[in-house]
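Numbers in our numbering are just positions in the sequence shown, counted from 1, shifted up by 12.
Glycine is no exception: its CB is placed at the ideal position from the N, C-alpha and C atoms.
One structure is given below, encoded as structure tokens.
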Amino acid sequence: MEMAKRKWVLRSAIIWHRKHALTEAVKDRPRRSYENIFMFVKDRRYYFNREALQDIVVEEDVWTIPARPRPTNEIDTAPFPDELVERCLEMGCPPAGWVLDPFAGSGTTVRVAISSGRSATGIDLNPLLTCTCHWI
């Protein structure tokens, strides 16, 4: 795996159960109602705020958060809900920290990071998606 080759360590695999997600148009397999979130670290002394998980009572690695409805004028086909981004940032980025989103899409992560007092940089290969982020 490329991440391991580059000395990243997988600390946790989290399941995001996309409650009320739009259904996929598939007929040859069950519809998927979850996404994987992987928590990788480079250093043993990484930032982790356990208190950010206080609202998750039983299964800390399964997060049930409603999917964000996609506005018809939005180009990004998979925008994350703000609550999901907020939880990840609270758990893994210190206040006034810096966030890099290498798959920025419509800029949800960057927007939420900046609104929470963090610095953020978003990158995306699709120029149609990055042009929607000019409001930042």
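Item	Value
Three-state secondary structure (DSSP) of Pro139	helix
Within the stretch 92-124, ranges of the alpha helix (DSSP H) (whole runs, at least 4 residues)	94-104
DSSP three-state assignment for Arg23, whether helix, strand or coil	strand
Under the three-state DSSP convention, the category Met13 falls into	coil
Which listed residue (Met103, Arg99, Ala79 and Ala125) has its alpha carbon closest to that of Asp113	Ala125
Span separating the alpha-carbon of Ala108 from that of Arg41	44 Å
Proximity of Lys54 and Trp28 at Cβ, strictly below 9 Å	no
Chain-order list of residues whose beta-carbon lies under 6 Å from that of Met103 (same chain, five-residue window excluded)	Asn61 and Ala64
Contacting residues, own chain, Cβ-Cβ under 8 Å from Asp169 (five flanking each side not counted)	Residue 169 is absent from the model: the chain starts at 13 and stops at 148.
Pro91 classed as buried or exposed, judged by whether at least 16 other C-beta atoms fall within 10 angstroms	buried
Neighbourhood of Asn138 by C-beta, 7 Å cutoff - its chain only, sequence neighbours within 5 removed	none
Glu47 - containing beta strand (DSSP E), residue span	Tyr46 to Val53
Val122 classed as buried or exposed, judged by whether at least 16 other C-beta atoms fall within 10 angstroms	buried
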